[in-house]
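S.K.: Supplied in structure tokens, the structure appears directly below.
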Amino acid sequence: MQIATWNVNSLSVRLPQVLDWLASNPVDALGLQELKLVEERFPFAALEAAGYHAVVHGQKTYNGVAWLTRSPVLEVVRNIPGLADEQARTIAATLDTPQGPVRLINGYFVNGQAPGTDKFAYKMRWLSALHAWVAAELACHQRLVLLGDFNIAPQDRDSHDPEGLRGSIHHTVEERGQFQALLDLDLHDAFRLFEQPERSFSWWDYRMLGFQKNRGLRIDHILVSAALRHTVTACTIDRTPRKKPQPSDHAPVVVTLG
DNA sequence: ATGGTTGTGCAACAA
Numbered sequence: 207m208q209i210a211t212w213n214v215n216s217l218s219v220r221l222p223q224v225l226d227w228l229a230s231n232p233v234d235a236l237g238l239q240e241l242k243l244v245e246e247r248f249p250f251a252a253l254e255a256a257g258y259h260a261v262v263h264g265q266k267t268y269n270g271v272a273w274l275t276r277s278p279v280l281e282v283v284r285n286i287p288g289l290a291d292e293q294a295r296t297i298a299a300t301l302d303t304p305q306g307p308v309r310l311i312n313g314y315f316v317n318g319q320a321p322g323t324d325k326f327a328y329k330m331r332w333l334s335a336l337h338a339w340v341a342a343e344l345a346c347h348q349r350l351v352l353l354g355d356f357n358i359a360p361q362d363r364d365s366h367d368p369e370g371l372r373g374s375i376h377h378t379v380e381e382r383g384q385f386q387a388l389l390d391l392d393l394h395d396a397f398r399l400f401e402q403p404e405r406s407f408s409w410w411d412y413r414m415l416g417f418q419k420n421r422g423l424r425i426d427h428i429l430v431s432a433a434l435r436h437t438v439t440a441c442t443i444d445r446t447p448r449k450k451p452q453p454s455d456h457a458p459v460v461v462t463l464g
């Protein structure tokens with residue numbers, strides 16, 4: 207079984223690339239972020255023709271998340287329960303598999319702009335609420351995957367310039383502490399379960415030839431619960447779509463479970 | 001060096 211995450215930075219623009227990628231990478235579930243469209247504009251028909259069901263938490267212009275799955279899902283939850291949030295940032299669903307149900311949580315985590323700003327304060331509140339929610343979800347779903355655009359580079363090796371960017375957004379002690387708090391729920395960073403090339407990143411700024419110079423960050427993550435950890439056989443970042451014309455600034459990340 | 005690029009939507013904001 208394969209599960210993937212991809213921040214597409216506008217599904218309207220990126221739909222052809224998503225269809226193209228799914229044709230070559232027929233994953234069982236794909237969590238999308240930054241749809242930038244409302245559910246009424248979601249391309250259900252094109253994705254159904256490609257063999258995918260979709261559940262959507264849309265928003266006009268900003269944010270927006272969805273799950274694409276080969277088989278229908280159950281128990282869909284939009285946003286973090288109990289958190290008053292006008293921004294469409296999470297969608298959870300349960301996927302039945304031959305090995306049993308898997309709880310899938312997809313998040314477009316708050317960017318946070320810069321430490322000391324209102325947006326950073328919102329990021330930290332949001333991360334606290336997410337942590338409490340994921341803890342509750344784990345209590346009833348042993349087999350759980352939390353993935354998405356975390357907007358956090360967990361360690362220095364996840365940044366192209368850890369010294370120059372120390373303490374700046376994606377790199378702060380506070381953000382990294384929240385990432386560690388998620389790991390402390392006995393979640394595991396699937397990418398780091400394996401040997402990986404140095405300077406492996408999942409996002410590159412459109413500006414300053416960021417991708418060509420591999421000046422990126424690893425901020426898109428797939429965390430798996432303890433019950434799933436030993437079934438994971440691979441986790442990779444697919445840079446192929448980033449090389450194509452009019453790409454998303456993020457690359458898809460794929461986890462393979464036995 | 002406060003630059004540079006992309007998306008939404010048509011000015012300015014978010015990333």
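Take 207 as the starting number for the first sequence in this note's numbering and just add one per residue.
Ideal Cβ placement from N, Cα and C applies to all residues, glycine included.
1) Per the DSSP calculation, T300 is bridged to which residue(s)?
2) Using three-state DSSP, classify G416 as helix, strand or coil.
3) S431 and Q348 - do their beta-carbons sit closer together than 8 Å?
4) Alpha carbon to alpha carbon, how far is D153 from A396?
5) Should the region 373-381 be called in touch with the region 452-461, which here means at least 3 C-beta pairs below 8 Å?
6) Determine contact between the region 354-368 and the region 308-315, defined as no fewer than three beta-carbon pairs at a distance below 8 Å.
7) Starting from S218, trace the alpha helix (DSSP H) both ways and give me its first and last residue.
8) Please state whether the Cβ-Cβ distance between F407 and N420 is less than 8 Å.
9) Pull the bridge partners of Y314 from the DSSP assignment, please.
10) Taking all protein chains shown into account, do 16 or more other C-beta atoms lie within 10 angstroms of the C-beta of H427, making it buried, or fewer, making it exposed?
11) Since R209 and D234 should fall inside the 8 Å C-beta cutoff, what is the C-beta to C-beta distance between them, to a whole number of angstroms?
12) Any idea if S365 is buried or exposed, counting beta-carbon neighbours within 10 angstroms, 16 or more meaning buried?
13) Could you please give the first and the last residue of the uninterrupted alpha helix (DSSP H) stretch that includes G383?
14) I'd like to confirm the pairing. Which residues does DSSP put opposite C441 in its beta bridges?
15) How long is the line joining the alpha carbons of S277 and A256, rounded to whole angstroms?
16) Taking buried to mean at least 16 other C-beta atoms within 10 Å of its own C-beta, is S218 buried or exposed?
17) According to DSSP, is L393 part of a helix, a strand, or is it coil?
18) Quick check on the burial criterion: 16 or more other C-beta atoms within 10 angstroms. Buried or exposed for R309?
19) Counting pairs of Cβ atoms below 8 Å between the region 268-283 and the region 317-333, do you hit three or more?
20) Tell me whether the beta-carbon of L241 lies closer than 8 Å to the beta-carbon of A260.
21) Can you list, in chain order, the residues of its chain with a C-beta nearer than 6 Å to that of P307? Leave out the 5 residues immediately preceding and following it.
22) When DSSP builds the beta bridges, which residues end up paired with V271?
23) Kindly give me the distance between the Cβ atoms of G354 and Q239, rounded to whole angstroms, as I take these residues to be in contact under 8 Å.
24) Taking all protein chains shown into account, decide if Y258 is buried (16 or more other Cβ within 10 angstroms of its Cβ) or exposed.
25) Determine the DSSP secondary structure at V340, reduced to helix, strand or coil.
26) In the DSSP assignment, the alpha helix (DSSP H) including L253 goes from what residue to what residue?
M.R.: In brief:
1) For T300, which the question treats as bridged, DSSP gives the partners L280, R309.
2) Coil.
3) One thing to note: Q348 has its Cβ within 8 Å of the Cβ of S431.
4) Residue 153 cannot be examined here, being either before or after the span of the chain that is shown, 207 to 464.
5) No, the region 373-381 is not in contact with the region 452-461.
6) Per the Cβ contact rule, the region 354-368 is in contact with the region 308-315 (3 or more Cβ pairs under 8 Å).
7) For S218, the enclosing alpha helix (DSSP H) begins and ends at 217-230.
8) Yes, Cβ-Cβ distance for F407 and N420 is below 8 Å.
9) Note: Y314 sits in a beta bridge opposite D355.
10) That one is buried.
11) The residue asked about is misnamed: residue 209 is Ile in this sequence, not Arg. Contact flag correct, Cβ pair sits at about 6 Å.
12) Looking at its Cβ environment, which holds 16 or more other Cβ atoms inside 10 Å, S365 is buried.
13) Segment 379-389, the alpha helix (DSSP H) holding G383.
14) As computed with DSSP, C441 is found in a beta bridge with V461.
15) Approximately 12 Å between the Cα atoms of the pair.
16) Around the Cβ of S218, a 10 Å sphere holds fewer than 16 other Cβ atoms; the residue is exposed.
17) It is a strand residue.
18) Here R309 is buried: its Cβ has 16 or more other Cβ atoms, across all protein chains shown, within 10 Å.
19) Too few Cβ pairs lie closer than 8 Å, so no.
20) The answer is no: Cβ separation not under 8 Å.
21) Only T300 meet the Cβ criterion.
22) Paired residues: Q239, H263.
23) Contact holds; Cβ gap of about 6 Å.
24) Burial check for Y258: the Cβ neighbour count within 10 Å reaches 16 or more, so the residue is buried.
25) Reduced to three states, the DSSP call for V340 is helix.
26) Run containing L253: 250-255, per the alpha helix (DSSP H) assignment.
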